[in-house]
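Protein chains in written order, with the numbering used here: chain B, 1 to 362; chain S, 363 to 534. All residues carry an ideal CB built from backbone N, CA and C; glycine is no exception. Quick caveat, the model's predicted, so the values are computed rather than measured.
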Amino acid sequence: MNPNTLDHSAPSLFKRRPSRVSQLALYSALALFLMVADARFRITDPVRVAVATVLYPVQWVMLKPVQAVHDASRYLGSLDDAQAREQAARKELVAMAQRASLADELIQENDHLRELLQLRDRLTTPGTAAEVVYDSPDLYTRRVVIDRGQVDGIDQGSPVLDEKGVVGQVTRVYPLRAEVTLLIDRDQAIPVFNPRTGARSVAYGDPSPLRTGGIELRFMPSNADVQEGDLLTTSGVDGLYPPGLPVAKVVSVERRADSAFSRIYCEPVGRVQGVRHVVVLKPLDRATHPEAEGAAEPLRAGKGKEKDKAKDGKGKEASKDGKGKEASKDGKAGKTDAPATPAAPAAPAAPAAPASARKEPA
Amino acid sequence: MIMPRGQQLLLPVNPLFIVVSLLAALALNMLPLGRQAWQPDLLMVLLAFWALNQPQRVGMGVAFLLGLCMDVDRSSLLGQHALAYALLVFAAGAMGRRLSWFSTPVQALHLLPLFAVVHGLQVLLRMVAGGIVPGPLVVVAPLIEALLWPLVSGLLLAPQRRPPDSDENRPL
Chain B
1 MNPNTLDHSA PSLFKRRPSR VSQLALYSAL ALFLMVADAR FRITDPVRVA
51 VATVLYPVQW VMLKPVQAVH DASRYLGSLD DAQAREQAAR KELVAMAQRA
101 SLADELIQEN DHLRELLQLR DRLTTPGTAA EVVYDSPDLY TRRVVIDRGQ
151 VDGIDQGSPV LDEKGVVGQV TRVYPLRAEV TLLIDRDQAI PVFNPRTGAR
201 SVAYGDPSPL RTGGIELRFM PSNADVQEGD LLTTSGVDGL YPPGLPVAKV
251 VSVERRADSA FSRIYCEPVG RVQGVRHVVV LKPLDRATHP EAEGAAEPLR
301 AGKGKEKDKA KDGKGKEASK DGKGKEASKD GKAGKTDAPA TPAAPAAPAA
351 PAAPASARKE PA
Chain S
363 MIMPRGQQLL LPVNPLFIVV SLLAALALNM LPLGRQAWQP DLLMVLLAFW
413 ALNQPQRVGM GVAFLLGLCM DVDRSSLLGQ HALAYALLVF AAGAMGRRLS
463 WFSTPVQALH LLPLFAVVHG LQVLLRMVAG GIVPGPLVVV APLIEALLWP
513 LVSGLLLAPQ RRPPDSDENR PL
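The structure is reproduced here in structure tokens:
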């Protein structure tokens with residue numbers, strides 16, 4: 001008790017607390033246990049969801065002044081700025097319109113060809129529009145929070161896109177909010193496909209502290225055919241991301257003499273930093289087989305597993321490409337085949353077969 | 363009762379005031395300002411204050427629970443803030459008897475290393491758990507917290523500084 005107060009009450013006879021050191025030991029042990037349980041085993045999610053639900057009203061209230069200031073600053077923003085943005089948007093719209101008409105034609109043509117070849121129809125994955133509410137204030141990860149959650153049918157592991165390309169993946173779902181880990185997070189991995197060469201690989205968030213905001217193509221042999229300016233798209237072998245979505249552009253390729261691998265830096269195509277409006281897609285395997293094992297085990301989309309899946313998807317792909325079309329035609333295509341069959345996107349469908357021959361051994 | 367010469371004798375604290383002030387600090391900490399490494403942890407300052415002034419009422423358990431709330435809100439590692447706050451309250455309790463002899467600016471000087479250590483502990487924990495480096499601005503946070511100390515201390519002690527019976531000359 002502070003000696004400088006008038007506060008006085010007789011000390012209790014029986015209510016004795018444990019000593020401060022033992023209290024500290026107890027709480028430290030508890031905290032360490034929680035941290036390990038959270039980071040390694042992810043068994044604390046129910047606790048998190050419960051606390052988050054209790055805190056949600058406070059979060060909502062605290063969001064209001066921040067949003068008000070943000071809106072006010074935008075309202076007072078200069079007219080020039082708004083006009084310039086409108087111009088840019090218009091230009092983009094015209095370009096898009098051109099592409100859209102072309103795409104319509106291509107879709108029709110593709111449908112005809114697919115019918116001719118009796119291939120399975122391309123998947124259309126349902127999406128939910130969402131708004132980024134704020135950047136996660138955690139300094140050690142790159143995440144954003146969106147305003148849709150379990151109630152709106154957001155699944156863990158869902159891909160998140162903006163108008164340009166993939167932005168990230170839903171990694172934690174609360175009842176009314178969800179957390180999206182951005183592609184540039186150090187622990188985030190995404191299987192990619194290089195439409196120019198047909199090579200598949202996995203891109204990771206760049207961990208080096210100096211270059212933030214990039215992703216890195218790892219484990220590419222130094223003689224791999226990767227050039228600056230290559231566009232990487234999702235490969236679809238992971239069973240989560242629909243194939244053919246733009247992911248990143250290769251910025252620099254450093255071939256190193258001391259290592260069997262080259263360093264390949266890429267820049268995400270989607271606006272990863274400062275993104276506001278996004279679309280959350282259903283993960284592919286759940287869009288196709290909602291009652292399959294994917295639904296039974298909601299945590300499947302964990303990062304570690306995704307890598308494994310990407311790997312074994314790669315293996316199966318190689319064996320599948322040979323027999324390719326028959327396998328999917330007789331409908332026996334297993335669970336991993338399902339997303340892989342429409343994996344070859346409309347454009348690179350043709351080079352897919354020779355590509356697998358040229359592909360580096362995984 | 364031994365106390366520094368010339369210091370005012372304070373009124374007993376209202377327990378409700380402690381609860382409200384801590385919850386207000388938690389709410390202010392939850393302002394979604396994005397990734398700001400320099401953002402001071404107001405809850406940390408308040409916990410240190412109450413741990414110094416009312417160690418019987420604000421203990422490590424309260425700090426731990428508030429820390430868990432922070433962890434969930436910031437989506438950091440569950441237990442990161444909880445451990446940091448528990449350690450803070452422990453250290454503040456150990457310093458309490460000595461610190462009550464000093465003026466608030468000197469108290470702030472004493473508390474600066476404590477805040478720095480608690481922030482450093484969080485950085486260390488996240489580095490071990492595999493996070494990215496938060497950037498150099500993270501050292502600014504303890505400085506701002508120490509600067510906030512005299513202000514927070516003055517504000518929170520104000521209700522206890524009223525005269526025991528107010529009259530027309532001393533309404534407050």
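Assumed close pair residue i, residue j - CB separation to whole angstroms, cut-off 8 Å
i: Gln522 (chain S); j: Leu373 (chain S); result: 5 Å
i: Pro46 (chain B); j: Gly157 (chain B); result: Not confirmed; about 18 Å, so no contact.
i: Arg172 (chain B); j: Ser437 (chain S); result: 7 Å
i: Ile154 (chain B); j: Val132 (chain B); result: About 13 Å separates the two Cβ atoms, so there is no contact after all.
i: Leu487 (chain S); j: Met35 (chain B); result: 7 Å
i: Pro394 (chain S); j: Leu63 (chain B); result: 6 Å
i: Leu32 (chain B); j: Leu449 (chain S); result: Not quite, the Cβ-Cβ distance comes to about 12 Å (not below 8 Å), so this is no contact.
i: Val49 (chain B); j: Tyr174 (chain B); result: 6 Å
i: Gly386 (chain B); j: Val272 (chain B); result: One cannot answer for residue 386 (chain B) here, as it falls past the ends of chain B, which runs 1 to 362.
Residue i, DSSP secondary structure in three states
i: Val192 (chain B); result: strand
i: Lys249 (chain B); result: strand
i: Pro417 (chain S); result: coil
i: Glu228 (chain B); result: coil
i: Ala491 (chain S); result: coil
i: Tyr75 (chain B); result: helix
i: Pro512 (chain S); result: helix
i: Tyr447 (chain S); result: helix
i: Lys325 (chain B); result: Bear in mind that the predicted position of Lys325 (chain B) carries a pLDDT of just 40, short of 50, making it too unreliable to give a figure here.
i: Asp258 (chain B); result: coil
i: Gln150 (chain B); result: helix
i: Phe219 (chain B); result: strand
i: Gly157 (chain B); result: coil
i: Gly198 (chain B); result: coil
i: Arg177 (chain B); result: coil
i: Val163 (chain B); result: Looking at the sequence itself, residue 163 (chain B) is Glu, so the reference to Val does not match. Three-state result, Glu163 (chain B): coil.
i: Tyr204 (chain B); result: strand
i: Gly429 (chain S); result: helix
i: Ala10 (chain B); result: coil
i: Leu240 (chain B); result: coil
i: Glu291 (chain B); result: Interpretation of Glu291 (chain B) is limited by its pLDDT of 47, a score under 50 that renders its predicted location unreliable; no figure is taken from the coordinates.
i: Tyr56 (chain B); result: helix
i: Tyr27 (chain B); result: helix
i: Thr466 (chain S); result: helix
i: Ile184 (chain B); result: coil
i: Asp539 (chain S); result: The requested residue 539 (chain S) is not part of the displayed model; chain S covers only 363 to 534.
i: Ala399 (chain S); result: coil
i: Gln169 (chain B); result: strand
i: Asp135 (chain B); result: strand
Contacts of residue i in chain B (Cβ-Cβ under 8 Å)
i: Val500 (chain S); result: Leu139
i: Gln442 (chain S); result: Ala31 and Met35
i: Met422 (chain S); result: Arg20, Gln23, Leu24 and Tyr27
i: Phe464 (chain S); result: Near Phe464 (chain S) there are no residues of chain B at all, since even the closest Cβ is about 12 Å away, more than 8 Å.
Listed by chain order, chain S residues near residue i by CB distance under 7 Å
i: Ala52 (chain B); result: Val434
i: Tyr134 (chain B); result: Pro394 and Gly396
i: Ala10 (chain B); result: Residues of chain S passing the Cβ test: none, with the nearest at roughly 13 Å.
Cross-chain neighbours of residue i in chain S, by beta carbon under 8 Å
i: Val66 (chain B); result: Leu393, Pro394 and Leu395
i: Ser201 (chain B); result: The contacting residues do not exist; Ser201 (chain B) stays about 22 Å from chain S at best.
i: Thr44 (chain B); result: Leu440
i: Gln59 (chain B); result: Met392, Pro394 and Asp435
8 Å Cβ cutoff met for residue i and residue j
i: Leu217 (chain B); j: Ile264 (chain B); result: yes
i: Asp162 (chain B); j: Val275 (chain B); result: yes
i: Pro243 (chain B); j: Gly165 (chain B); result: no
i: Gly236 (chain B); j: Asp285 (chain B); result: no
i: Val247 (chain B); j: Ala130 (chain B); result: no
i: Leu440 (chain S); j: Leu430 (chain S); result: yes
i: Leu334 (chain S); j: Ser19 (chain B); result: No information on residue 334 (chain S) is available, as it lies outside the stretch 363 to 534 that chain S covers here.
i: Tyr134 (chain B); j: Gly497 (chain S); result: no
i: Val250 (chain B); j: Cys266 (chain B); result: yes
Residue i: contacting residues in chain B (beta-carbon distance under 7 Å)
i: Arg460 (chain S); result: In chain order: nothing, as chain B lies at least about 12 Å away.
i: Ser383 (chain S); result: Simply none; closest approach about 15 Å.
Test: residue i CB closer than 8 Å to a CB of chain C
i: Leu430 (chain S); result: Absent from the structure: chain C. Protein chains present are B and S.
Cross-chain neighbours of residue i in chain B, by beta carbon under 9 Å
i: Ile506 (chain S); result: The contacting residues do not exist; Ile506 (chain S) stays about 15 Å from chain B at best.
Neighbouring residues, chain S, relative to residue i (Cβ below 9 Å)
i: Pro175 (chain B); result: Those within 9 Å of Pro175 (chain B) in chain S number zero; the least Cβ separation is about 13 Å.
Across the segment 224-241 of chain B and the segment 178-197 of chain B, are there enough close Cβ pairs to call them in contact, namely three or more that are closer than 8 Å? yes
Sufficient close CB pairs (3 or more, under 8 Å) joining the segment 396-412 of chain S to the segment 508-521 of chain S: yes
The segment 138-145 of chain B contacting the segment 487-505 of chain S, beta-carbon criterion three pairs below 8 Å: yes
Flag this pair as touching only if the segment 470-478 of chain S and the segment 508-515 of chain S have three or more C-beta atom pairs under 8 Å; answer yes or no. yes
Is there contact between the segment 102-109 of chain B and the segment 147-156 of chain B, where contact requires at least three CB pairs shorter than 8 Å? no
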